[in-house]
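Participant: Residue numbers for the sequence shown follow the numbering used here, beginning at 39 and rising by one. All residues carry an ideal CB built from backbone N, CA and C; glycine is no exception. Handing you this structure, nothing more for now.
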Amino acid sequence: MSSEKSSEKYLRIPPWLRVKLPTGRTFNNTSKMLEDLNLNTVCQSAKCPNCWDCFSRKVATFLIMGSNCTRNCAFCNIAPGRIDPLDADEPRRVSEAVKRLELKYAVVTSVTRDDLSDGGAAHFAETIERIRAEHPECKVEVLIPDFKGNLDALKTVIAAKPDVINHNVETPPALYPEIRPQADYRQSLELIERVKQLSEIHAKSGLMVGLGETDDQVYQVINDLAAINCDIITIGQYMRPSKAHPAVKRYVEPSVFDKYAEYGQKISVPHMFCAPLVRSSFNAAEAFDKL
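Below, the structure written as structure tokens:
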């Protein structure tokens, strides 16, 4: 038996990560509605452990610009593949889903589209503006890629005036060559810093633990984000989507997540959301309300 398989056998999923599946028709109704509108969600594509919970509360994070990605981050379940042209009707359908779900807070993310000159920024802006026009009472959060450092692309998203711009650093910089090889940690920090410099929009970022990082490295990421005035930091447990993905190196206990949150609060991060099942879009409305 290989050392990796031995390690995997030892690292059993702890009880605090076991999700109780809700009962009732709301989950199926949400899933069917998204299917009818031909919309993707990161909840389904990324195999989020909170999918059952969110769909049962009529909450979903919309995944725009296709279901395949131009990058291949090791942790992610959204695979590279054939890249389709942008769907001009997609912003309308997202807005229709906001209406049907009666959302007061909508979260929109995307696959990374390095094939587009603006990385899809204009498509993000159109989606935000469509929701704004048709549902002015609805807050909008966008979880955007790095746009390869394109400042004009970021300005396009900022001009659409979402309430929150989120961009995840995902992991400490030491793990980027293995986990996020097509991205750049400093470029991700620069994007968040630019949001704060160029607008009054709240900036948000997050990372996963369990990929081989140390707690000291996690604290350093919190320091880096605090230094550029990031408003919300999320930290959750990495969970392996399949055997083709990197193995979980450690399951971090809930008490350690509490320490991450306490540390961020101590250095004046406005809101820390840290727990094993936390994902960057999970309970996003509640995180926004606490600012």
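With distances taken from CA atoms, which of P129, H173, G104, V316 is nearest V149?
Facilitator: Closest in alpha carbon position to V149, among P129, H173, G104, V316, is G104.
Participant: Can you list, in chain order, the stretches of the alpha helix (DSSP H) that have 4 or more residues and sit fully within the region 180–261?
Facilitator: 189–197, 214–217, 223–236
Participant: To the nearest angstrom, how far is the alpha carbon of I196 from that of D125?
Facilitator: Near 22 Å, if we compare the C-alpha coordinates of D125 and I196.
Participant: Cα-Cα, which of E216, G248, V207, P211 is closest to L229?
Facilitator: V207
Participant: Where D262 and T272 are concerned, what is the direct C-alpha to C-alpha distance, given to the nearest angstrom?
Facilitator: 14 Å
Participant: Identify the continuous alpha helix (DSSP H) that holds H283 and give its terminal residues.
Facilitator: Element bounds for H283: n/a, residue is neither H nor E.
Participant: Could you pull the start and end residues of the alpha helix (DSSP H) that L139 belongs to?
Facilitator: 128–139
Participant: With H, G and I counted as helix, E and B as strand and the rest as coil, what does DSSP make of T68?
Facilitator: helix
Participant: Within 10 Å of its beta-carbon, does T252 have 16 or more other beta-carbons around it, so buried, or fewer, so exposed?
Facilitator: exposed
Participant: If I measure Cβ to Cβ from T108 and keep anything under 8 Å in the same chain, skipping five residues before and after, which residues do I get?
Facilitator: P118, I121, V149, T150, R151, D152, D153
Participant: From this set, P210, T194, A112, which residue's C-alpha is nearest E167's C-alpha?
Facilitator: T194
Participant: Compare the C-alpha of G333 against each of A285, S226, L49 and name the closest.
Facilitator: The structure shown does not extend to residue 333, since the chain spans only 39 to 329, so no value can be given for it.
Participant: Would you say A241 and I182 are within 7 Å of each other, going by their C-beta atoms?
Facilitator: no
Participant: Report the residue from P200, D222, F320 whose alpha carbon sits nearest the alpha carbon of T209.
Facilitator: The shortest C-alpha separation from T209 is found at D222.
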